[in-house]
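Residue numbers (my numbering): 64 to 160.
What follows is a short report on a single structure.
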């Protein structure tokens, strides 16, 4: 719970709409589940989805596509069947629930 509070404070301090990808990955890796409608998503069309962890996929996607291609949304809104939901992208409200 401390990690969620820390990240919620960061979001307030930096006036962020969504928790950044790195911090979202940290929550997922810590096993902290956050209910949210949003995810960090990216196309898998060129790189596939055969990675051990979400972090490995995110690093490969950043290397291949660049950071700007990893977006907040959901698979159906963005890249149809070629979308990988990397991890939840919580809002401030999601973190303090």
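Even for Gly, the Cβ is constructed at its ideal location relative to N, Cα and C.
Just so you know, these numbers come straight off a predicted model, no measurement behind them.
> Taking the C-alpha atoms as reference points, what is the distance between residue 84 and residue 159?
Replying inline: As a working mapping, residue 84 is identified with position 21 in the chain shown. As a working mapping, residue 159 is identified with position 96 in the chain shown. Cα to Cα, the separation comes out at about 18 angstroms.
> Is residue 80 helix, strand or coil when you go by DSSP?
Replying inline: In the chain shown, the residue the question calls residue 80 occupies position 17. The answer is coil: DSSP assigns residue 80 none of H, G, I, E or B.
>> Do residue 102 and residue 132 count as a contact pair if the criterion is CB distance below 8 angstroms?
In response: Working through the chain shown from its first residue, we reach residue 132 at position 69. Working through the chain shown from its first residue, we reach residue 102 at position 39. Contact: no.
>> Any beta carbon of chain C sitting closer than 8 angstroms to that of residue 105?
In response: Any reference to chain C falls outside this structure, which holds one protein chain only.
> Once you ignore the five residues that flank residue 67 on each side, which residues in its own chain have a CB closer than 6 angstroms to its CB?
Replying inline: Here residue 67 refers to the residue found at position 4 of the chain shown. Contacts found: 158.
> Cα separation between residue 128 and residue 118?
Replying inline: Residue mapping note: residue 128 aligns to position 65 of the chain shown, counting from 1. Residue mapping note: residue 118 aligns to position 55 of the chain shown, counting from 1. Taking the straight line from one Cα to the other gives about 15 angstroms.
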